[in-house]
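To start, the structure under review is shown below, and the notes come after it.
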Amino acid sequence: MTAPTSALAELCADALAALASAADEAALEQWRVAWLGRQGGRVTGLLTSIKDQPADQKAAFGAEANRLKRDIEAAFAEKHEQLKRRTLRELSTTEAIDVTLPGRPQVIGRLHPVTQTLRDCVKTFGEMGFRVAEGPEVEWASYNFDAMRIPEDHPARDMWDTIWVDKLIDGERKMLLRTHTSPNQARVMERTPEPPIRVIVPGKCYRQEATDATHEWMLTQIEGLAVDEGVRMSDLKGVLYDFSRKMFGTERKIIFHHSYFPFVEPGVEMALDCFICRGEDPACHTCHGTGWIEILGAGMVHPEVIENAGYDSNRYTGFAFGIGVERVALLRWGIEDIRHFYQNDVRFLSQF
Ligand code: FA5
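So the sequence shown is residues 52 to 403, counted in the working numbering.
What follows is the structure, given as structure tokens:
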């Protein structure tokens with residue numbers, strides 16, 4: 052740096068001393084405003100004072116002041132570089148990526164166990180020639196009940212505690228969350244001019260249930276319907292045995308009980324042996340001490356339901372079944388309580 056004289060030399064020394072003590076970029080900025088700032092910067096002031104110098108000294112003072120300004124600016128630029136390099140050095144230790152660390156695992160989702168079971172059931176029936184149809188979850192009472200031979204005030208309506216859609220039509224509540232998939236028997240027949248029919252209808256159903264180990268208020272069912280000439284009860288049993296063997300293997304015990312559903316005659320329930328107590332604990336809360344866990348209701352389609360579809364019930368007969376998919380999932384994996392399925396606990400769900 053050139054050696055400035057007297058007052059200029061002093062000012063230069065002060066500027067450089069202050070610059071040397073700027074410890075970080077914020078302090079450096081403060082220094083820049085104080086010394087080189089356009090408004091009130093001390094070096095800037097020095098330059099504007101050239102015009103006030105006596106005429107014979109103006110040129111020398113001006114030359115000296117400009118040289119000094121260039122020196123100070125150069126010192127500032129160097130300090131700025133220094134601080135920037137130091138900041139980068141610090142960041143390279145605090146913010147560095149350690150490429151030797153193992154990566155964070157990506158959590159990959161999977162199908163819910165009830166969905167897995169549903170798909171396996173659908174596949175099994177598909178292999179037996181059943182095609183899949185769908186029906187609405189919000190259903191008309193006329194399909195859910197009347198078409199299924201459950202007229203208003205019939206005690207059979209009390210079998211299901213219905214969740215009504217709170218909407219009045221002609222002063223009456225006529226829509227509900229379907230209590231079973233059976234209304235689709237009527238829906239499928241209605242849109243099929245003539246049998247044969249071999250169809251399954253999977254979907255959610257809703258009931259106002261006091262929940263327990265085998266009852267939820269939302270459940271998944273698969274309705275099955277086959278209508279043709281000469282369809283017999285033995286066909287129904289054959290299909291259900293085949294389904295059970297494929298889903299549960301050949302070792303499980305299966306039982307048919309007589310049961311009542313207004314839309315079939317005769318009606319049955321099919322159950323599997325209780326995997327928790329094997330029928331040996333009268334206090335078992337999964338099978339309620341019966342030794343059996345019911346998975347489906349079934350039977351021969353009532354001739355009146357066949358006739359309502361416009362088919363001749365002397366010519367056509369059919370069977371129908373309604374499987375509880377959550378129950379199938381319980382039995383398949385030995386889960387002791389159906390309520391685990393919908394509590395959304397990933398520790399439970401990730402096991403399947
Ligand atoms: C019915 O829903 C009839 N629609 C079944 C049917 C279809 C009979 C065709 C005849 C012909 P049920 O209410 O029993 O029947 O239910 C059928 C199956 O759904 C039961 O065997 C059970 O596996 C399952 N299920 C019923 N209620 C619940 C519930 N609250 N929680 C879980 N699963 C249930």
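We treat Cβ as the ideally placed atom computed from N, Cα and C, and that holds for glycine.
Just so it is clear, the structure is predicted and the values come from calculations on it, not from any experiment.
>> So, does the stretch 156-164 touch the stretch 105-124, judging by three or more C-beta pairs under 8 angstroms?
In response: By the C-beta criterion, the stretch 156-164 is judged not to be in contact with the stretch 105-124, since fewer than 3 inter-stretch pairs fall below 8 angstroms.
>> Is residue 316 close to the ligand FA5? I mean its beta-carbon at under 6 angstroms from any heavy atom of the ligand.
In response: On the sequence shown, residue 316 is found 265 positions in, with the first residue counted as 1. For residue 316, the shortest separation between its Cβ and any heavy atom of the ligand FA5 does not lie below 6 angstroms.
> Since residue 227 sits in a beta bridge, which residues does DSSP pair it with?
Replying inline: By 1-based counting over the sequence shown, the position of residue 227 is 176. DSSP output for residue 227 lists 190, 215 as bridge partner(s).
>> So within the stretch 281-334, which uninterrupted alpha helix (DSSP H) runs reach at least 4 residues, ignoring any that extend past its ends?
In response: With a minimum length of 4 residues, the continuous alpha helix (DSSP H) runs that stay inside the stretch 281-334 are 284-299.
> When every heavy atom of the ligand FA5 is checked, does at least one fall within less than 6 angstroms of the C-beta of residue 386?
Replying inline: The residue given as residue 386 occupies position 335 in the sequence shown. Checking every heavy atom of the ligand FA5 against the Cβ of residue 386, none is found closer than 6 angstroms.
> Should residue 235 be labelled buried (16 or more other beta-carbon atoms within 10 Å of its own) or exposed?
Replying inline: Taking the sequence shown and counting its residues from 1, the one referred to as residue 235 is at position 184. Burial call: buried.
> Starting from residue 368 and walking both ways along the beta strand (DSSP E), at which residues does that stretch end?
Replying inline: Within the sequence shown, the letter at position 317 stands for residue 368. Where residue 368 is concerned, the enclosing beta strand (DSSP E) stretches over 367-375.
> Which one of 131, 112, 96 has the shortest CA to CA distance from residue 70?
Replying inline: The residue labelled residue 70 in the question sits at position 19 within the sequence shown. Ranking the options by Cα distance to residue 70, first place goes to 131.
>> With a threshold of 6 angstroms (Cβ to nearest heavy atom), would residue 372 be considered close to the ligand FA5?
In response: Within the sequence shown, residue 372 is the residue found at index 321, counting from 1. Checking the Cβ of residue 372 against the ligand FA5 gives yes.
> Does DSSP put residue 150 in a helix, in a strand, or in coil?
Replying inline: Sequence index remark: in the sequence shown, residue 150 carries index 99 (1-based). The DSSP-derived three-state label of residue 150 is coil.
> Taking DSSP as the reference, what is the three-state secondary structure of residue 162?
Replying inline: Within the sequence shown, numbered from 1, the residue matching residue 162 stands at position 111. DSSP places residue 162 in coil when its eight states are reduced to three.
>> Between 67, 115, 351, which has its C-alpha nearest residue 57's C-alpha?
In response: Locating residue 57 in the sequence shown gives position 6, where the first residue counts as 1. Comparing Cα positions, the closest option is 115.
> Going by Cα to Cα distance, which pick from 218, 239, 85, 264 is closest to residue 185?
Replying inline: Residue mapping note: residue 185 aligns to position 134 of the sequence shown, counting from 1. Considering only 218, 239, 85, 264, the residue with the shortest C-alpha distance to residue 185 is 239.
> Do the stretch 162-176 and the stretch 381-395 touch if we need at least three Cβ pairs shorter than 8 angstroms?
Replying inline: Touching, yes, given that three or more Cβ pairs across the two stretches are closer than 8 angstroms.
> In or out: residue 52 buried (at least 16 other Cβ within 10 Å) or exposed?
Replying inline: Within the sequence shown, the letter at position 1 stands for residue 52. The pLDDT assigned to residue 52 is 44, lower than 50, so where the model puts this residue is not dependable; a value taken from the coordinates is nonetheless given after this. The residue is exposed, with fewer than 16 neighbouring Cβ atoms inside 10 Å.
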